[in-house]
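Here is the structure we will look at.
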């Protein structure tokens, strides 16, 4: 919601002063602007902020990267935000674990807005994972640990501890 | 790159449309849900795009975005916002609606209701920005993505509420784009949709956070009714008080009916029935009865209305029939035209004129259109190879040739199709062809023909269609069929035939030829009107003043939406072109098709022999009108609807209301003192009345009939709750209450009589007589007003409907279930319809085996029924239902065995021939 947009603004080095509202039951963020009806939706506002900060590379450079970023941002607002049960969470982590098997970042080898928003969106999930679960979703853990140490991303959010040595050798 | 989509999967639509719009070089793979996905993260039935780098995109929106990026269109804040909105808000609701539609069989209207707020959101955005598309004045990824999600649910902009005008326009302009049209045609094939449905049936219903909270609401709403507002109640009471004076005066147009300046001029046609087929119930509801109901409604609205129809009489089928019956074609036409006219008269079809196509006007008008097309360069000339019988001195129409099938060597194949293998045949390919008339051997000869240059006319057709679709009411199937015709590419169409029985071609080198019926027949609308009035051009060359409605069954759509408009556009003489094309789906008979040859089903001339009045037939046919989807005539359902809806609901209410006036108030309508409850009822009835108008204005004839039945249901409840028969015996106050309730009820009956008139004219007239409704009140307005005030005298009230008994209906069902011996004989004479005076045919076992036509029909029936049973089993239908269908299958197989077994000389087909 608006909180993570504030985090993003800071990360992007944008001046404070944007006013955010929320809309509807899902509390969809709305960016009020001086002219016009404003922008609605986390993805939309985040992409808008990135462009305002002239950090367009965070949205991907090629058509392929741009589409992949779009895809994971969408995954974030539909699947991650829409999840309501333990089972949903399990499926998301399973999906991501498969996807990240051969990738450093969500979009491959480049750090993008998708990583930032996915990190913010998953923080409350990762906080609750047991050591065993973190090992089960090893690729997610590796990626998450990487992002939380990426300069400027984590800010006031708590650091999540990942153990380097595996405890459960037979876990899959 | 490889794009994998599943046919029938709704998300496939947008990605294909986007790929098409971007002209992306994709390799298309069609796959089903059972196949392995392209990448682990792609669920079945969701499109996946594998890029050359190996990356797989599994989000449909991201795929669309990718295609637009490759053509250089960067996302903007606005396109992003729409994509996010589509993914988070629209998608979940649309999926649920689609699930409800496909799996629960909910109708389009209900599905659209669920989308209400979201549709309004689009409408508001479009109108606020004032742009043609969602993110500006050109089409963007946003439009494709939103359209792709809406289309499977809506199918057509006509299912959008009419107040969402801007949204409708947008939706239409999307449909016109080639990329969207192509995507829709390739993804939403009926068969693919069925597959998708069976996939959905195995999935849990979509259940999303926001859906959970509201999922019970629609169910509740069905039971209870929407609350009335204070304003509605007050307005209804005011309208009631104004009385009959508030009604417009019924307007009787001068005869002949001609367009009048400043009023709505409605020209209605129903497809011209082919003269030598006796129409069955499906033909009747598809064309003349639907058009009649609408024409009657128009007249009750004081719209200046002309309804014309007639028999289509030219062509090879008439010639063949004439040869069979030993008459001249003209004699055949005269004979059958009378049969048609009698049938429609019996069904109380209110044609202003019922004509025929074999008139001098037909010749002059058709030849004039031809000359104009010729002068404007829209006709082509080409040589066609055709069989010619030198003996008979004529080129042979397909039906006049027999020979050996080039595919299966069956020796009695017809010139157009083989009865054994079912394949379509080009007559010149027949081996050992034989002239059916003289048994001589025809030879292949080149012959010259003229062709209508449809490709050249397409540039006139497209803008006209666009405009007609934007302003008129075309049924969804009419739009769909037209679109796929144009998509498949228009080719020149031959307009001449080597025949005698037709309109002569007025052009040197072609003088021994006639016009092909499909060119000629629609011109019949004009010539039939010309026979009605010499001022016919005021109707047919007057698109400024006249609104044209064409009624037909769906098989007739291309002739009315593409070919005939092309003729008229090419002739370029300010013709009135169709504004509203109303096409029905098919009506089946019980569980199969109507079949003349097997005597299955009720044909127009037999309906009156059943003893069931015409109005009951009309009511039931309109009640099951195949509006939006195929429907079936069923005897037990006919009985049920007659006994429940007509007898117990409508008839009971009108009869009680009238009887109370007679018994308790000496035949004089009592004083009425309205309470809030009464006013509430008035408002409720007004709502139904308005709904009735809304539906009929859109020619939703079947749905509007439900409004009439709702009103009488409200009336019955009202009487039941207020018990006037008890109160009449009470004190002064009670007696006054009985008077009010009786008065309100009889006024409702009076209005029902008017609303019912388009559907059941004789019953309507009977009510008018019984209640002595003043003729000036026989008009439809948007208000429910008191037309029978206190002091009005009613006449003698008697029951309107009769109960149908099980035995009676069962006997009728048996009588029309087929297998009549005379229909199975091979002699063509025996295939004629028995004259109405003859006793009805009795059911009998199959006596004449070996009829290849019959074997083929039965084989198809068996295959169809077999599939049906499999389908039921697959869907885990109830055992009783499966058993019943299996019994039918066994019976069919028995009939087939009988038909085949006694005729060893006829090769028995081993597998089904047609799919």
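Residue numbers (our numbering), protein chains in the order written: chain A, 0 to 171; chain B, 2 to 916.
All residues carry an ideal CB built from backbone N, CA and C; glycine is no exception.
Reduced DSSP category for residue 346 of chain B - H, G, I as helix; E, B as strand; rest coil:
helix
What span of residues does the beta strand (DSSP E) with residue 578 of chain B cover, start to end?
It is not in any beta strand (DSSP E) - residue 578 of chain B carries neither H nor E in the DSSP assignment.
For residue 102 of chain A, the nearest candidate out of A/36, A/67, A/54, A/157 (CA to CA):
A/67
Beta carbons nearer than 8 Å to chain A: which residues of the stretch 145-157 of chain B have them?
none
Residues of chain A with CB under 7 Å from residue 355 of chain B, in chain order?
Per Cβ cutoff of 7 Å: no residues; residue 355 of chain B is ~59 Å from chain A at best.
Pick helix, strand or coil for residue 245 of chain B, following the three-state DSSP scheme.
helix
Please confirm whether residue 78 of chain B has its beta-carbon closer than 8 Å to some beta-carbon of chain A.
yes
Once the 5 residues before and after residue 739 of chain B are set aside, which same chain residues still bring their CB inside 7 Å of it?
665, 725, 728, 729
C-alpha gap between residue 690 of chain B and residue 711 of chain B, whole angstroms:
10 Å
Give the residues of chain A in contact with residue 71 of chain B, contact being defined as C-beta atoms less than 7 Å apart.
62
Please name the residue in A/108, A/2, A/110, A/61 whose C-alpha comes closest to that of residue 15 of chain A.
A/2
Rounded to the nearest angstrom, what separates residue 766 of chain B and residue 751 of chain B at their Cα positions?
11 Å
Just the Cα atoms here: how many angstroms apart are residue 806 of chain B and residue 614 of chain B?
15 Å
So is residue 11 of chain B buried or exposed if we call it buried at 16+ other beta carbons inside 10 Å?
buried
With the cut-off set at 8 Å, would you say residue 578 of chain B and residue 549 of chain B are in Cβ contact?
yes
For residue 269 of chain B, list the residues DSSP reports as bridge partners.
B/308, B/550
Would you list the residues sitting across from residue 505 of chain B in a DSSP beta bridge?
B/515
Member of A/58, A/31, A/100, A/159 whose CA lies at the smallest distance from the CA of residue 125 of chain A:
A/159
Hey, residue 658 of chain B and residue 749 of chain B are a contact pair by Cβ (cut 8 Å); roughly how many whole angstroms apart?
7 Å
Label residue 85 of chain A either buried or exposed according to how many other C-beta atoms from any shown protein chain fall within 10 Å of its C-beta, with 16 as the threshold for buried.
exposed
With a cut-off of 8 Å on the beta carbons, I'd call residue 338 of chain B and residue 258 of chain B a contact; round off their distance for me.
Not quite, the Cβ-Cβ distance comes to about 23 Å (not below 8 Å), so this is no contact.
Just the C-alpha distance for residue 772 of chain B and residue 355 of chain B, rounded to the nearest angstrom, thanks.
33 Å
Just mark residue 32 of chain A as buried or exposed, buried being the case when its beta carbon has 16 or more other beta carbons within 10 Å.
exposed
Taking only the alpha-carbon atoms, compute the straight-line gap between residue 511 of chain B and residue 450 of chain B and give it to the nearest angstrom.
8 Å
Please return the same chain residues whose Cβ sits closer than 7 Å to the Cβ of residue 673 of chain B, not counting the five positions on each side in sequence.
740, 741, 744, 745, 791
So is residue 40 of chain A in contact with chain B if we call contact Cβ pairs under 8 Å?
yes
Measuring only between beta-carbons, confirm whether residue 77 of chain A sits less than 8 Å from chain B.
yes
Just to make sure I have the definition right: I need the residues of chain A whose C-beta is within less than 7 Å of the C-beta of residue 85 of chain B. Which are they?
40, 42, 43, 76
Determine, for residue 17 of chain B, whether the minimum Cβ-Cβ distance to residues of chain A falls below 8 Å.
no
Quick check on residue 115 of chain A: buried or exposed, where buried means 16 or more other Cβ atoms within 10 Å of its Cβ?
buried
Residues of chain A with CB closer than 8 Å to the CB of residue 589 of chain B, please, in chain order.
Near residue 589 of chain B there are no residues of chain A at all, since even the closest Cβ is about 43 Å away, more than 8 Å.
Using a Cβ distance threshold of 8 Å, determine whether the stretch 563-575 of chain B contacts the stretch 858-869 of chain B, with at least three qualifying pairs required.
no
Flag residue 231 of chain B as yes when its Cβ comes closer than 7 Å to any non-hydrogen atom of the ligand PLP, and as no otherwise.
Ligands displayed in this structure: none; no statement on the ligand PLP is therefore possible.
N-terminal and C-terminal residue of the alpha helix (DSSP H) that residue 130 of chain B is part of
117-130
Own chain, CB closer than 7 Å to residue 170 of chain A, minus 5 neighbours either side, in chain order
Bear in mind that the predicted position of residue 170 of chain A carries a pLDDT of just 41, short of 50, making it unreliable; the figure below should be weighed with that in mind. Contacts found: 131, 134, 135.
Residue-chain proximity (residue 65 of chain A, chain B), Cβ-Cβ < 8 Å
yes
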